[in-house]
Structure formats: structure tokens, C-alpha cells
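Engineer: Residue numbers (numbering that gives the first Met the number 0), protein chains in the order written: chain Y, 0 to 249; chain F, 0 to 353. Virtual Cβ for every residue (Gly too), placed ideally from N, Cα, C.
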Amino acid sequence: MPHVAADPAIAPAVPRFLNAGETALVVEFGETVDPAINDRVLALDAALRADPPAGTREFVPTYRSLMIHYDPLQIDRQTLVGLVHKALAVPAARTALAANWIIPCCYDSGFGEDIEEVAQLLKITPGDLIARHTAATYRIYMYGFAPGQIYLGGLPEALAISRRPAPRPPHQPGAVLIGGGLCVITNFAMPTGWYVIGRTPERLYAVARADAFLFQAGDNLRFEAIDAATFLALEQRVASGEIVARKSAA
Amino acid sequence: MSSVPAQAALRVLSAGPGVTLQDAGRHGYLRYGVTAAGPMDPLAYATANLAAGNAAGSTAIEISLGGIELTAEAEPLAVALAGGDFAISLDARVLPRSSLWAAMVLTIEPGAVLNIRAGQSGAWCYLAVAGRLVVPQLLGSNATHTRTGFGGVDGRAIRTGDRLSVEPSRSSTLSFGAIAAPWLDRPPEIIRVVLGPQDDYFSAEQIAAFLEGPWRVSIKADRMAYFLDGPRLTHAKGYNIVSDGIAMGAIQVPGDGRPIVLMADRQSTGGYPKIATVIGPDLGRLAQARPGTAFRFEAVSIAEAVAARREEAAALARDLVVDPLVRTQFSSEFLLGLNLIDGVVNPIEHVKIA
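Set out below in C-alpha cells:
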């Protein structure tokens with residue numbers, strides 16, 4: 000996959016260094032949801048993880064910034080900033096490692112609980128909504144909010160819908176949500192201000208699995224529509240420890 | 000053939016809401032959306048482990064205002080307590096405090112009842128058992144995050160009837176005593192912050208209003224967040240940002256202009272501007288403030304925050320000082336009541352915090 004050069008207006012060459020207290024440094028590459036900005040976040044994350052500076056504790060990539068947790072009694076801010084600049088000079092290798100996933104999703108009304116409501120709001124048919132949702136390729140920008148929950152970019156414009164004015168009751172684990180122009184796959188039952196359009200039998204987090212967390216930020220993902228019977232069969236296989244999402248060549 | 004000896008344990012006779020197991024936190028998984036959890040008052044938690052002779056980061060019981068009542072099973076268990084000014088009694092005898100800011104070490108004989116409940120001030124108290132609580136870990140930690148069911152006892156808060164297995168420390172020699180911990184004397188009037196990461200979303204006037212306050216901890220205050228009552232803040236550049244990471248102590252300002260301090264159980268990422276971040280050494284100071292407590296924020300530099308942190312580390316690294324008042328404070332009758340036959344204040348082995 001060719002590396003897209005970031006628009007300097009959106010992603011300045013030099014990131015901003017913001018303080019989140021004396022134990023966390025935010026390296027901010029931009030303020031928008033943009034694959035080029037996220038590429039730079041993930042490249043820095045990969046470079047730092049490959050050779051973590053002494054005194055750093057944890058790196059948290061998000062859409063547009065990397066939060067570095069550190070112990071200021073072991074490494075001072077200025078030294079850390081210097082090491083970040085050094086890491087930024089290393090050519091990025093992360094994008095070459097991005098995996099392409101296909102994940103099963105059931106859109107039937109018992110699973111995509113809000114699909115009729117969303118279709119009405121968007122003035123399309125539920126069938127059209129499903130067709131558009133499965134046709135798109137999504138980028139996993141980040142995990143966030145709850146264990147295993149991933150935020151996806153690449154939702155088609157026709158499916159862009161604002162978040163709900165007020166939260167709806169808790170969804171099921173595995174619920175696929177849309178809202179605010181983005182798509183989310185959940186892993187825990189939670190109330191949400193987004194719309195539930197489907198549900199995957201896959202578990203993005205399973206503690207007993209060798210890879211407790213299935214995906215890496217930067218991976219690409221597509222949804223494959225399945226019926227209720229297939230959902231139940233796959234759910235059983237997942238319960239026995241199997242991974243039912245699969246990697247594709249492209 | 001001898002039978003298997005009964006395993007030492009702490010038995011929970013009653014527990015109020017919000018009492019949980021905590022260790023130094025479940026670190027390394029924020030990148031997967033996993034909250035670190037860990038103690039609300041890291042300094043009091045560290046002090047309890049220190050007084051118990053435990054390694055830093057050992058699993059302890061975080062006691063909320065709900066309180067807890069415990070007994071020992073199978074053998075006597077030495078425990079250390081540190082935190083807010085909680086009322087502590089053993090077999091219905093109120094334990095006098097030599098000083099408000101003392102860690103207390105005591106031994107619970109099998110069947111004896113230790114009761115810890117909300118006292119004059121403070122919101123959290125830590126109980127560290129000398130030795131080790133034997134509880135299965137999740138992702139390398141016992142820290143409880145009840146919202147996702149991670150860690151602790153089956154992913155939940157401690158409740159009445161729970162039995163916590165203990166591997167008692169064999170090196171512990173202290174049966175009863177108070178250990179001065181003046182670093183826990185932290186008046187809540189001033190909470191120090193480092194401005195940012197999104198202070199540029201606020202005008203200079205609004206930053207001044209934020210620092211001027213005054214603020215009060217609202218009734219909505221739990222392990223996830225302390226909501227604040229005070230002036231309404233306004234944003235200069237809107238209140239929606241593209242989500243980024245959240246550190247403990249981050250003060251986010253949502254659309255209604257009412258700041259929220261994100262605490263130990265905060266979510267890993269969020270989309271509201273964060274005007275400032277409470278410095279590490281003042282997290283416990285704020286955590287111990289009950290609803291209604293008034294305070295002000297004071298902006299400090301990174302260098303000042305690090306200096307405060309260094310002071311805190313130095314206090315914990317010094318040898319423990321056994322409070323000399325202890326010997327005279329307690330009447331012989333009281334000590335006899337506790338069935339003590341030997342010295343009162345032999346300090347237990349001191350494990351320094353690295």
C-alpha cells in the first residue's frame with residue numbers, strides 16, 4: 000500500500016508536544032480523522048515500541064496523537080521530546096504490516112436493532128444500507144472507550160449519521176454501531192449514543208486467547224453479511240476459542 | 000495422615016458499596032481500550048503496603064465510605080491501614096489514633112472483628128495484609144474495574160461473605176503500632192494542575208476563571224470521575240475534539256461547561272477538551288475530598304510537579320518512624336484487651352519503594 004503524504008496544512012511536519020500532567024506527553028500530529036495523520040501516529044508508536052526509551056511506560060495511539068506515559072523521575076520531558084524527534088526520523092515501516100480482515104456481521108432485525116430507524120433517517124432501504132456497509136473497506140484507527148472496542152474510518156458518506164441526541168439502552172457485546180460519520184465494533188454491553196446496525200459473533204477481546212486482542216490499529220477491515228443461523232453457528236465456534244474473522248490477501 | 004491445614008484468609012463479614020481490590024494498576028493495555036484502574040489515592044495505597052512490609056504494587060483492599068468488617072481465618076493476620084481519617088475498631092474497641100496521619104498496623108486474631116468505617120474526613124482507606132492476597136490476576140493485575148468486570152474478585156467489588164486467601168508474611172514481627180505518615184496530611188484547599196493538553200480551547204479569561212474557582216466536589220463523584228460544581232466555563236473553539244488519550248487527573252470540560260476530573264476508572268480515550276491535568280502528587284489529595292469540599296486549582300510547571308513528585312518519593316524511601324506517642328497513648332488495660340504480651344512497636348521489615 001503506497002504511503003500517502005500528509006497535507007502539511009492538516010498534519011504539520013513537526014508534531015505538537017502537549018502536556019497531560021507531568022507523567023504523560025501527547026505527541027499530536029493533527030486534529031482531524033485522517034489516514035495520513037494516523038499513519039504518522041502509528042509509525043511513531045511502532046518506532047518507540049521497537050526500542051522503548053528507559054522511563055517510558057506505555058504508548059497509546061489514537062486517531063491523531065500518541066500519548067506517552069512516562070516516569071518523570073526516570074526520564075525528563077526534554078530528553079523524551081528529543082528521543083521522539085529521533086524516532087520520527089526513522090522511516091516508517093508500519094503500513095507494510097497492516098492486515099486486511101473480513102469480519103462476519105449479522106444485520107437481521109434481531110441483531111441490527113436500529114437498522115430500520117437508521118434507514119428511515121437516511122432515506123434509504125435497509126437492504127441498501129447493508130449493501131453500502133459491506134461494500135466499504137474500513138481502517139481501524141484505534142481502540143478506545145472499552146476493552147477491545149475499535150473505531151473505524153471509511154464509512155460511506157451515504158451512511159454518515161449524527162449521534163443520537165440521548166443514549167439508547169445497552170447493546171449486546173459485538174454490536175456494530177454507526178454515528179458521527181464513523182463505525183464502531185464493541186465487545187462489552189454498554190449504553191450508547193450511536194445506532195446499532197448489526198452484530199458480529201467475533202470477540203475482539205478474549206482473555207483466554209493467545210492474541211487476547213484480535214486487531215492492530217492500522218489494519219483494514221470489511222464486513223461480510225451473514226444470516227441469523229450462521230451467526231449462531233459462528234458464535235458457538237467463537238465460544239470454543241476459534242477466531243472466525245479471517246485475513247484476506249488485500 | 001494429616002489433613003491439609005486450613006489456608007489463612009480474610010473473611011468479609013460485611014462490605015458497603017465500592018470496596019474493591021486494587022494494585023498499582025493494569026498497565027500496558029490502554030492501547031486496547033483497557034482502563035488501568037488502580038488506587039484512587041496512590042500515596043495512601045503505597046503507604047499501606049510500606050507499613051505492611053509489602054513490595055510496592057502489592058494488592059490491597061481499597062475501602063470506600065461504605066466501610067468494611069473483616070475477620071481472620073486459620074491464623075492471625077497482620078494488616079496495615081492508611082488513608083483518610085476512618086474510624087477503626089477491633090472487637091468493638093475503638094482504636095485511638097496517635098496522630099491523624101498515621102498508618103496503623105494491627106493483628107487480627109482468628110475470629111476477631113476489625114471494623115473500618117467512614118470517619119471525620121477522607122473518602123478512601125487502604126488495607127494491606129502483611130504477605131500476599133492470593134487472587135487470580137487478569138492481564139497481569141488484580142486491579143478491579145467494575146464497569147468492564149475486570150480484575151478483583153470475579154470482576155466485581157468485594158461483598159459480604161467473600162473469603163480472600165492470604166499467604167501471610169513470615170518476617171512480620173509487628174503486632175500493633177502506629178507509624179507516622181505526615182505526608183498523608185494533605186489539606187484539599189489547593190489542588191495543583193499542569194495546564195493542557197487542550198488549554199488552547201479556552202480563552203485567557205476562561206483559564207483565569209478556572210484557576211479562580213472556587214470549586215466543590217459534587218455529589219457525582221466515584222472511581223471514574225469527580226464532577227465539579229462552580230462557575231460554568233465556556234469554550235473558545237467548541238467542545239468536540241477528535242478523541243485522544245486521557246491521563247488520570249485530566250480535567251475535561253464538556254459542552255455544559257462543568258469540569259469533570261477523570262480518576263482511576265476513567266475511559267482510555269475521550270472527545271472533550273481537557274483544560275488541565277491534576278499533578279500526580281495531588282491525585283490522592285483530591286480523591287480524599289468528599290462531596291461538598293471546596294478548593295481552588297493552582298497552575299504549576301512540569302518542573303514544579305516533578306519536584307513535588309520527588310519529595311513524595313523521598314518521604315516514602317526514608318525509614319519508617321514509629322510514632323513515639325503510641326506507647327503512652329494506649330492504656331495498659333487497652334493493650335491487655337488486645338491480648339498483647341510483648342513489645343508494642345517493633346517495626347516490621349521495611350521494603351523501600353524503588
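1. Measure the CB-CB distance between F/Val33 and F/Ser242 and report whether it falls below 8 Å.
2. Under 7 Å Cβ to Cβ from F/Gly229, same chain only, skipping five residues before and after it: list those, please.
3. Give me, in chain order, the residues of the same chain whose beta-carbon lies closer than 7 Å to that of F/Tyr200; leave out the 5 immediate sequence neighbours on both sides.
4. Take Y/Pro172 as the anchor and find which of Y/Asp50, Y/Arg236, Y/Thr185 has the nearest alpha-carbon.
5. Once you ignore the five residues that flank F/Thr327 on each side, which residues in its own chain have a CB closer than 6 Å to its CB?
6. Report the neighbours of Y/Pro71 on chain F: residues whose CB is nearer than 8 Å to its CB, in chain order.
7. Indicate whether Y/Glu234 and Y/Pro190 have their beta-carbon atoms separated by less than 8 Å.
8. Going along the chain, which residues of its own chain have a beta-carbon closer than 8 Å to the beta-carbon of F/Val193, five neighbours each way excluded?
9. From the DSSP secondary-structure annotation, give me the bridge partner or partners of Y/Lys246.
10. 8 Å is my cut-off, CB to CB: does F/Pro196 come that close to chain Y?
11. Are the stretch 67 to 81 of chain Y and the stretch 223 to 243 of chain Y touching by the rule of at least three beta carbon pairs closer than 8 Å?
12. Quick check: the Cα distance between Y/His170 and Y/Gly111, rounded to an integer number of angstroms?
13. Starting from the Cα of Y/Asn219, find the closest Cα among Y/Ala49, Y/Pro71, Y/Phe187, Y/Gly153 and give me that residue.
14. Measure the alpha-carbon distance for F/Val325 versus Y/Val25 and round it to whole angstroms.
15. Taking 8 Å as the CB-CB cut-off, is F/Leu324 touching chain Y?
16. Using only alpha-carbon positions, find the residue among Y/Arg167, Y/His68, Y/Glu116 that is nearest to Y/Leu158.
17. Can you list, in chain order, the residues of its chain with a C-beta nearer than 6 Å to that of F/Val151? Leave out the 5 residues immediately preceding and following it.
18. I want to verify the contact list: residues of chain F whose CB lies under 7 Å from the CB of Y/Gln148, in sequence order.
19. Taking Y/Val252 as the query, report the chain F residues whose CB atoms sit under 8 Å from its CB, ordered along the chain.
20. For the stretch 13 to 31 of chain Y, list every residue whose C-beta sits within 8 Å of some C-beta in chain F, in sequence order.
21. Taking Cβ-Cβ distances shorter than 7 Å, what residues in chain Y pair up with F/Ala263?
22. Please report the distance separating the alpha-carbon of F/Pro323 from that of F/Phe209.
23. Quickly, what does DSSP pair Y/Asn219 with across the bridge? List them, please.
24. Measuring only the C-alpha atoms, how far is Y/Asn99 from Y/Ala134?
25. Can you list, in chain order, the residues of its chain with a C-beta nearer than 7 Å to that of Y/Ala17? Leave out the 5 residues immediately preceding and following it.
26. For F/Met103, which residues does DSSP report across the bridge?
27. In this structure, does DSSP put Y/His132 in helix, strand or coil?
28. Could you please tell me which residues of the stretch 9 to 33 of chain F, in chain order, have their CB closer than 9 Å to any CB of chain Y?
29. State the start and end residues of the unbroken beta strand (DSSP E) segment that holds F/Phe296.
30. Measuring only the C-alpha atoms, how far is Y/Ile177 from F/Tyr31?
31. Please name the residue in F/Val11, F/Gly24, F/Asp221, F/Tyr28 whose C-alpha comes closest to that of Y/Ala211.
32. Have a look at Y/Glu57, Y/Gly20, Y/Lys246, Y/Ala216 and flag the residue whose alpha-carbon is nearest the alpha-carbon of Y/Tyr140.
33. If we count the other Cβ atoms within 10 Å of its Cβ and call it buried at 16 or more, is F/Phe85 buried or exposed?
34. Does any residue of chain F bring its CB to less than 8 Å from the CB of Y/Thr61?
35. Suppose the cutoff is 7 Å on Cβ atoms and the five residues either side in sequence are ignored; what does the same chain contact list for Y/Arg208 look like?
36. Considering only the alpha carbon of each residue, which of Y/Val206, Y/Arg236, Y/Arg15, Y/Val195 lies closest to Y/Tyr106?
Structural biologist: With the given structure in hand:
1. Residue mapping note: residue 33 of chain F aligns to position 34 of the second sequence, counting from 1. Residue mapping note: residue 242 of chain F aligns to position 243 of the second sequence, counting from 1. Not closer than 8 Å, so no.
2. Numbered from 1 along the second sequence, position 230 holds the residue referred to as residue 229 of chain F. Gly212, Pro213, Trp214, Arg215, listed in sequence order.
3. The count along the second sequence starts at 1 and reaches residue 200 of chain F at position 201. Closer than 7 Å at the Cβ level, and outside the excluded window around F/Tyr200, lie His234, Ala235, Lys236, Pro272.
4. For the purposes of this step, residue 172 of chain Y is taken as the residue at position 173 of the first sequence. Comparing Cα positions, the closest option is Y/Thr185.
5. Reading the second sequence from its first residue, position 328 is the one you call residue 327 of chain F. Interpretation of F/Thr327 is limited by its pLDDT of 43, a score under 50 that renders its predicted location unreliable; the figure taken from the coordinates is listed afterwards. Excluding sequence neighbours, F/Thr327 sits near nothing in its chain.
6. The count along the first sequence starts at 1 and reaches residue 71 of chain Y at position 72. Chain F residues near Y/Pro71: Ile301, Ala304, Val305, Arg308.
7. Translated into the one-based positions of the first sequence, residue 234 of chain Y becomes position 235. Translated into the one-based positions of the first sequence, residue 190 of chain Y becomes position 191. Not closer than 8 Å, so no.
8. Position 194 of the second sequence holds residue 193 of chain F. Hits under 8 Å: Ala275, Thr276, Ile278, Ala298, Val299, Ser300, Ile301, Ala304.
9. Taking the first sequence and counting its residues from 1, one reaches residue 246 of chain Y at position 247. Y/Lys246 pairs with Y/Trp100.
10. Position 197 of the second sequence, counted from the start, is the residue given in the question as residue 196 of chain F. Yes, because at least one Cβ of chain Y sits closer than 8 Å to the Cβ of F/Pro196.
11. no
12. Here residue 170 of chain Y refers to the residue found at position 171 of the first sequence. Here residue 111 of chain Y refers to the residue found at position 112 of the first sequence. In a straight line, the C-alpha of Y/His170 is about 10 Å away from that of Y/Gly111.
13. Taking the first residue of the first sequence as 1, we reach residue 219 of chain Y at position 220. Closest option to Y/Asn219, Cα to Cα, is Y/Gly153.
14. By one-based count along the second sequence, residue 325 of chain F stands at place 326. By one-based count along the first sequence, residue 25 of chain Y stands at place 26. Summary for F/Val325: the model assigns pLDDT 45, below 50, so the residue's position carries little reliability, and this model does not support an answer.
15. Within the second sequence, residue 324 of chain F is the residue found at index 325, counting from 1. Any answer about F/Leu324 is weak, because its pLDDT of 38 lies below 50 and its placement is not dependable; what the coordinates show is given next. Not one chain Y Cβ lies under 8 Å of F/Leu324.
16. Indexing the first sequence from 1 puts residue 158 of chain Y at position 159. Nearest C-alpha to Y/Leu158: Y/Glu116.
17. For this step, residue 151 of chain F is matched to residue 152 along the second sequence. According to the sequence shown, residue 151 of chain F is Gly rather than Val. Excluding sequence neighbours, F/Gly151 sits near Thr19, Leu20, Thr143.
18. Locating residue 148 of chain Y in the first sequence gives position 149, where the first residue counts as 1. Those within 7 Å of Y/Gln148 in chain F are Gly32.
19. Residue 252 of chain Y lies beyond the range of chain Y shown here (0 to 249); nothing can be said about it.
20. Leu17, Asn18, Ala19, Gly20, Glu21, Thr22, Ala23, Val25, Glu27, Glu30, Thr31
21. For the purposes of this step, residue 263 of chain F is taken as the residue at position 264 of the second sequence. The premise fails here: F/Ala263 is roughly 14 Å from chain Y at the closest Cβ pair, so nothing lies under 7 Å.
22. Taking the second sequence and counting its residues from 1, one reaches residue 323 of chain F at position 324. Taking the second sequence and counting its residues from 1, one reaches residue 209 of chain F at position 210. With a pLDDT of only 41 at F/Pro323, under the threshold of 50, the placement of this residue in the model should not be trusted; the figure read from the coordinates follows. If I take the Cα positions, the gap works out to 43 Å.
23. Here residue 219 of chain Y corresponds to residue number 220 of the first sequence, with the count starting at 1. The partner list for Y/Asn219 (beta bridge, DSSP) reads Y/Asn99, Y/Arg138.
24. Counting from 1 along the first sequence, the entry for residue 99 of chain Y is found at position 100. Counting from 1 along the first sequence, the entry for residue 134 of chain Y is found at position 135. Rounded to the nearest angstrom, the two C-alpha atoms are 14 Å apart.
25. In the first sequence, residue 17 of chain Y corresponds to position 18, counting from 1. For the record, residue 17 of chain Y in the displayed sequence is Leu; it is not Ala. Same-chain partners within the cutoff: Val25, Glu27.
26. What you label residue 103 of chain F is simply residue 104 of the second sequence in a count that begins at 1. Answer is F/Leu80, F/Ala177.
27. For this step, residue 132 of chain Y is matched to residue 133 along the first sequence. Y/His132 falls in the helix class under three-state DSSP.
28. His26, Gly27, Tyr28, Leu29, Arg30, Tyr31, Gly32, Val33
29. Residue 296 of chain F sits at position 297 when you count from the first residue of the second sequence. From DSSP, the beta strand (DSSP E) with F/Phe296 extends over 293 to 298.
30. Counting from one through the first sequence, the residue named residue 177 of chain Y turns up at place 178. Counting from one through the second sequence, the residue named residue 31 of chain F turns up at place 32. Taking the straight line from one Cα to the other gives about 20 Å.
31. Looking up residue 211 of chain Y in the first sequence gives position 212. Taking only the C-alpha atoms, the option nearest Y/Ala211 is F/Tyr28.
32. One-based indexing of the first sequence puts residue 140 of chain Y at position 141. For the residues Y/Glu57, Y/Gly20, Y/Lys246, Y/Ala216, the minimum Cα distance to Y/Tyr140 belongs to Y/Ala216.
33. Position 86 of the second sequence, counted from the first residue, corresponds to residue 85 of chain F. Buried.
34. In the first sequence, counting from the first residue as 1, residue 61 of chain Y sits at position 62. Y/Thr61 counts as touching chain F.
35. The sequence position of residue 208 of chain Y within the first sequence is 209, counting from 1. Excluding sequence neighbours, Y/Arg208 sits near Gly240.
36. For the purposes of this step, residue 106 of chain Y is taken as residue 107 along the first sequence, with counting starting at 1. Closest by alpha carbon: Y/Val195.
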